[in-house]
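Numbering (the working numbering), first residue to last: 959 to 1117.
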Amino acid sequence: MFCIKSDNLFRFAQVNQLIFSGENLYQFVTKMFVHIAILHFILNMIGLWFYGIRLEKISSGLFVIIVFLVTGISTSFTNLFLGTIISAGASGAIFGIVTTFTILNWNEKNTKLLFFAFVIFIHSPVLLGSSINYLSHFTGLTVGAILGMLKQWSINKPQ
């Protein structure tokens, strides 16, 4: 993941206008690996590190990758509803990992508190101003919850 210069923004970030015209469909994936601002990148990496490691410990590295990609690509699709925007970053995918971890550890001490603290911290206007893509965050949260419930069901299903 890296921060992007403005001349490459149209190439790697999700540019809905290009996707609507049938071009650059790869941007559904590449937008997760580029960040417009260094603070955005740092916050995403802290979230990935803090929750990704914990999710991997209770599942597997492959499961973390699946959650990241499924939630990230899901956010790309929902971003199409926002019209002609440019979207970059992995925040939706990070929200997916955080929520999946939270669902799988719902009864553990401090899990809910950490989850709500994360959500409030990330949405602090002092940190990110008004450029937060709330739809991506909500999509990541929703898809992450579904993946967490499916994983929980697969662990607890009768043999």
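Virtual Cβ for every residue (Gly too), placed ideally from N, Cα, C.
Using a Cβ-Cβ cut-off of 8 Å (strictly less than) and excluding sequence neighbours within five positions of residue i, which residues of its own chain qualify?
i       : result
Val909  : Only positions 959 to 1117 of the chain appear in this structure, which leaves residue 909 out of reach.
Leu1093 : Thr1033, Thr1036, Asn1037, Phe1039, Leu1040
Given residue i, which residues of its chain have a CB within under 6 Å of its CB, disregarding the five upstream and five downstream residues?
i       : result
Leu1006 : Ile1052
Ser979  : none
Val1025 : Gly1054, Ile1055, Thr1058, Leu1105
Gly1010 : Val1022, Ile1055
Arg1012 : Phe1059
Ile994  : Ala1046
In the DSSP assignment, what residue or residues form a beta bridge with residue i?
i       : result
Ile1044 : Val973
Mind checking residue i: buried by the 16 CB within 10 Å criterion, or exposed?
i       : result
Gln975  : exposed
Ser1018 : exposed
Lys989  : buried
Thr1097 : buried
Ala921  : In the structure as shown, the chain starts at 959 and stops at 1117, and residue 921 therefore has no counterpart that could be examined.
Leu1001 : buried
Provide the residue span of the alpha helix (DSSP H) that contains residue i, from first to last.
i       : result
Ser1094 : 1092 to 1114
By Cβ distance below 7 Å, which residues in the same chain neighbour residue i in space, the five residues on each side in sequence not counted?
i       : result
Ile1061 : Ala1103, Gly1106, Met1107, Gln1110
Gly1050 : Thr1029, Gly1030, Thr1033, Ser1094, His1095, Thr1097, Gly1098
Mind pulling the beta strand (DSSP E) runs of 3 or more residues that sit fully within the segment 981 to 1050? none
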